[in-house]
Amino acid sequence: MRISVRFVLLSLAASAALWAQTTQGLISGRILNSVTGRPVAGGSVTYHGTTLAANGTVKSDPQGYYFLPLLSAGNYTIRTTADSYQPQELQQLELPVAGRLNIDFRLRPLNDVWESGQYRSVFLPGTKTIVTFFGPDVDSSRSGTFEAQKGSRGTLDTSASYVIDPGQISDLPLQGRDVYSMLVSLPGVAADSATGRGLGVSVAGQRGSASNYLLDGVENDNHLITGPLSQVAPEAVQEYRISTNNYSAEYGRTAGFVANAVTKAGGGDYHGLLYEYLKNEALNAVDFADNLVGAPRHPAKQHQFGYQFGGPVIPRGALRSQLFFSSSLEQLSSHSAQSQQTYILPTTNTLPALNVPQTRIASQLLRKFSFPVLKSQRVVDAYKVEQPVVIDRLLTLQRGDYVTKSGRDHLSARLAYARNDQPYFFWTPYPDFITPYGQGTTGLASNWQRSWTPRITSELKTSFSDDNLGWDRAHPEIPTLRVGADYSIGISPTLPGSPLAYSYRNHNKSFETIFSTVLTRNKHVITTGGGFVLRRNTGYLTYARDSQYVFDGILEFLADSPSLFSTAMDRMSTQAVPPNFDRAYRYSNAFAFVQDSFRISKRLTLNFGLRYERFEAPSNTGAVKDALLVTGPGKTFEQTIATAKLDAGGNGPSACSTTGRSTTSGRTFAPTVMSCRSFL
Numbered sequence: 004m005r006i007s008v009r010f011v012l013l014s015l016a017a018s019a020a021l022w023a024q025t026t027q028g029l030i031s032g033r034i035l036n037s038v039t040g041r042p043v044a045g046g047s048v049t050y051h052g053t054t055l056a057a058n059g060t061v062k063s064d065p066q067g068y069y070f071l072p073l074l075s076a077g078n079y080t081i082r083t084t085a086d087s088y089q090p091q092e093l094q095q096l097e098l099p100v101a102g103r104l105n106i107d108f109r110l111r112p113l114n115d116v117w118e119s120g121q122y123r124s125v126f127l128p129g130t131k132t133i134v135t136f137f138g139p140d141v142d143s144s145r146s147g148t149f150e151a152q153k154g155s156r157g158t159l160d161t162s163a164s165y166v167i168d169p170g171q172i173s174d175l176p177l178q179g180r181d182v183y184s185m186l187v188s189l190p191g192v193a194a195d196s197a198t199g200r201g202l203g204v205s206v207a208g209q210r211g212s213a214s215n216y217l218l219d220g221v222e223n224d225n226h227l228i229t230g231p232l233s234q235v236a237p238e239a240v241q242e243y244r245i246s247t248n249n250y251s252a253e254y255g256r257t258a259g260f261v262a263n264a265v266t267k268a269g270g271g272d273y274h275g276l277l278y279e280y281l282k283n284e285a286l287n288a289v290d291f292a293d294n295l296v297g298a299p300r301h302p303a304k305q306h307q308f309g310y311q312f313g314g315p316v317i318p319r320g321a322l323r324s325q326l327f328f329s330s331s332l333e334q335l336s337s338h339s340a341q342s343q344q345t346y347i348l349p350t351t352n353t354l355p356a357l358n359v360p361q362t363r364i365a366s367q368l369l370r371k372f373s374f375p376v377l378k379s380q381r382v383v384d385a386y387k388v389e390q391p392v393v394i395d396r397l398l399t400l401q402r403g404d405y406v407t408k409s410g411r412d413h414l415s416a417r418l419a420y421a422r423n424d425q426p427y428f429f430w431t432p433y434p435d436f437i438t439p440y441g442q443g444t445t446g447l448a449s450n451w452q453r454s455w456t457p458r459i460t461s462e463l464k465t466s467f468s469d470d471n472l473g474w475d476r477a478h479p480e481i482p483t484l485r486v487g488a489d490y491s492i493g494i495s496p497t498l499p500g501s502p503l504a505y506s507y508r509n510h511n512k513s514f515e516t517i518f519s520t521v522l523t524r525n526k527h528v529i530t531t532g533g534g535f536v537l538r539r540n541t542g543y544l545t546y547a548r549d550s551q552y553v554f555d556g557i558l559e560f561l562a563d564s565p566s567l568f569s570t571a572m573d574r575m576s577t578q579a580v581p582p583n584f585d586r587a588y589r590y591s592n593a594f595a596f597v598q599d600s601f602r603i604s605k606r607l608t609l610n611f612g613l614r615y616e617r618f619e620a621p622s623n624t625g626a627v628k629d630a631l632l633v634t635g636p637g638k639t640f641e642q643t644i645a646t647a648k649l650d651a652g653g654n655g656p657s658a659c660s661t662t663g664r665s666t667t668s669g670r671t672f673a674p675t676v677m678s679c680r681s682f683l
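Each number in the working numbering comes from the position in the sequence shown (counting from 1) with 3 added on.
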């Protein structure tokens with residue numbers, strides 16, 4: 004087993020860095036004397052958030068710096084007070100997911116206040132507010148105009164990133180009600196959905212598979228196709244951030260983009276939403292193609308309904324502000340049909356007209372398995388039908404949060420479940436041979452945040468996902484039966500049996516744990532941590548396992564006289580035995596990182612990152628190994644291929660290495676140096 008180690012050193016310059024693989028944000032800044040510009044030590048910064056009723060108070064250090072780390076995305080009110088200074092309050096401050104805001108407060112000394120005794124002022128960020136003063140020596144008609152301190156809000160972001168906020172999620176029409184469809188509206192993003200490989204989102208020319216989807220800070224990737232693994236209704240998503248380039252050291256396992264989404268959490272008040280989307284052909288006009296041939300409206304009935312509700316678990320008492328829940332559920336039921344198709348089937352006169360003995364296999368199949376009754380004097384006749392298309396999907400997300408009375412600990416747990424069923428996935432006129440498709444996805448995640456001191460906070464995240472999808476060929480004991488074209492009609496007759504050539508199953512289980520710690524000191528924000536990912540995959544693709552018989556015509560079928568037989572054989576066995584299609588694989592990845600954000604000045608911040616990764620190629624852990632191409636000795640690639648052999652046991656070195664010499668380095672060094680400065 005080959006092990007590859009990646010060692011990455013990042014030296015970046017910016018003023019607001021993204022956090023680690025987390026959804027939490029940071030608000031930091033400095034408290035200064037508005038007259039002298041000197042730092043204000045010991046000032047109190049009190050914050051209150053609408054999400055989870057988050058609140059707390061921190062003190063500024065001797066240099067006037069304060070830090071509010073590991074805050075959930077949402078709106079906050081921040082109030083700053085200090086002895087002998089006029090308080091200031093910042094309202095409706097929006098903190099995006101995994102974002103960082105830098106807000107400096109310039110407090111006015113009381114001896115410099117325009118009207119003695121009026122010590123309070125309230126302003127909104129980025130606006131001009133008219134504040135009217137009322138006092139014993141002041142006329143109520145007099146007023147003063149003040150401009151709020153705008154602060155720095157990530158204009159110098161180390162990563163090229165964009166936030167899809169709650170307003171966009173709730174107000175904009177989302178294709179297929181998929182929140183990630185908004186990705187294609189961002190610069191440098193393209194999508195190729197024609198391939199049928201998930202979303203197919205590509206950033207800056209990278210492959211669609213070079214992506215990393217996160218849900219509540221943990222992995223949420225569909226490793227079979229591109230896109231997120233656990234589907235979530237838009238009403239259950241708070242917001243998400245997509246980073247397309249220049250990641251900090253905390254991010255890894257992707258060369259394309261990172262989409263970091265956070266689910267809605269319950270708050271101190273109850274909020275709920277009921278919704279339903281209805282589609283029905285009675286509301287539609289006949290489309291052009293059907294109208295041209297005089298066909299009726301195309302059948303289409305779809306109901307999509309659900310709810311989202313959250314708030315405190317206990318409506319009264321101390322736990323009202325400590326224990327919260329959020330619940331969402333969505334059900335989709337879609338019934339439609341394809342355009343009319345013509346099938347050639349046996350009729351009620353097929354067996355009697357030809358006097359087919361009951362001992363023949365063809366006769367037994369036609370008698371045992373039902374098919375549409377065609378009363379005709381012909382041996383086979385045309386059957387016209389609109390193939391049904393049915394999709395049933397269930398999405399649910401349940402989340403609970405607990406905040407200790409001291410506010411130092413925050414625990415959360417989340418369950419995301421999705422079920423997708425298509426009962427007519429592969430349809431045939433023979434009801435017993437219709438193949439359904441099913442996919443069930445379960446995602447569990449937990450999060451623990453701890454504030455050890457006002458300067459040191461930690462976060463531990465764990466997750467487990469189980470994704471099982473596939474279909475099983477109906478009646479696998481009956482091979483695929485095919486008949487050559489009936490040239491008088493131009494269509495091949497359809498015989499009993501599943502036309503599918505294989506069954507398919509992909510069962511993926513993943514476990515991930517991440518621990519990180521944030522240390523804030525003066526002008527530094529240091530983040531360090533590590534994690535581990537373990538993934539196991541089992542499944543099968545049974546191509547040609549159930550064999551296939553081809554007949555020259557319907558008469559040859561009724562006579563049990565095939566012209567061609569094909570089946571799967573184990574090519575590596577010396578005996579004529581079928582292969583074992585079951586496979587099992589294992590993949591693991593461990594990593595560690597450290598990141599320092601050093602704010603040199605108001606407009607310049609340096610970010611230094613170091614990341615270490617240890618990852619291995621997927622290994623076959625099943626009873627049956629894959630056959631590997633083992634290259635032989637030689638100085639050139641052509642020489643190694645000329646002497647290559649096929650290793651049936653899958654134990655030899657793979658084609659990416661030669662005997663005694665590796666063609667790729669096991670260790671790579673990838674430094675990146677960037678600088679950025681704001682002139683605004």
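For every residue, glycine included, the Cβ atom is placed at its ideal position computed from N, Cα and C.
Asked                                                                                                                           : Found
Selected residue, minimal CA-CA separation from L96, among L110, P112 and L74                                                   : L74
Three-state class that DSSP yields for Q171 in the structure shown                                                              : helix
7 Å CB neighbourhood of S379 in its chain, flanking five on each side removed                                                   : T350 and N352
Own chain residues within Cβ distance below 8 Å of Q390, not counting five before or after                                      : A340, Q341, Q344, Y427 and W430
As assigned by DSSP and simplified to three states, the class of E97                                                            : strand
Cα-Cα separation, H338 to Y310                                                                                                  : 22 Å
Collapsed DSSP secondary structure at Q361 in the structure displayed                                                           : coil
Bridge partner(s) assigned by DSSP for F260                                                                                     : S214
Those residues which DSSP pairs with Q390 across a bridge                                                                       : According to DSSP, Q390 bridges with nothing at all.
Coarse secondary structure for G191, derived from DSSP in three states                                                          : coil
8 Å Cβ cutoff met for F596 and L607                                                                                             : no
Local conformation of R370 per DSSP, three classes                                                                              : helix
For G191 and L159, the rounded distance between their alpha carbons                                                             : Since pLDDT at L159 reaches only 39, below the 50 mark, its modelled position is unreliable, and the value read off the structure follows with that caveat. Cα-Cα distance, rounded: 19 Å.
Beta-carbon proximity check, N685 vs V627, cutoff 8 Å                                                                           : Beyond the ends of the chain as shown, which are 4 and 683, falls residue 685; an answer cannot be given.
In DSSP terms, what W451 is bridged to                                                                                          : L414 and L463
Pair within 8 Å by beta-carbon distance, W455 and S461                                                                          : yes
Run of the alpha helix (DSSP H) containing N294, from where it starts to where it stops                                         : F291 to V296
Endpoints, the alpha helix (DSSP H) within which I517 is located                                                                : No alpha helix (DSSP H) contains I517, which is instead part of the beta strand (DSSP E) from Y507 to R524.
Contact check, T438 vs L503, beta carbons under 8 Å                                                                             : yes
Contacts around D435, its chain only, beta-carbon distance under 6 Å, and the 5 residues preceding and following it disregarded : F372
Alpha-carbon spacing of H527 relative to G473, whole angstroms                                                                  : 50 Å
Cβ pair V382, I557 closer than 8 Å                                                                                              : yes
Beta-bridge partners of H338, as assigned by DSSP                                                                               : K304 and V393
Spatial distance of R478 from A645 (CA atoms)                                                                                   : Position check: residue 478 holds His in this sequence, whereas Arg was assumed. Looking at the two C-alpha atoms, the distance is approximately 45 Å.
Residues near N471 in its chain [Cβ-Cβ closer than 6 Å; skip 5 each side]                                                       : G443 and H510
Euclidean distance between Cα positions of E333 and A57                                                                         : 28 Å
First and last residue of the uninterrupted alpha helix (DSSP H) at E559                                                        : I557 to L561
Identity of the residue in Q598, Q551 and D174 nearest L567 by Cα                                                               : Q551
Assigned secondary structure, Y433 (DSSP; H/G/I helix, E/B strand, else coil)                                                   : coil
Assigned secondary structure, I317 (DSSP; H/G/I helix, E/B strand, else coil)                                                   : coil
C-alpha distance - I459 paired with Y50, whole-angstrom precision                                                               : 18 Å
Where E480 falls: helix, strand or coil (DSSP)                                                                                  : coil
First through last residue of the alpha helix (DSSP H) which encompasses E641                                                   : F640 to A645
Range of the contiguous beta strand (DSSP E) that encloses N58                                                                  : N58 to K62
Spatial distance of G269 from A416 (CA atoms)                                                                                   : 12 Å
DSSP state of L322 mapped onto helix, strand, coil                                                                              : helix
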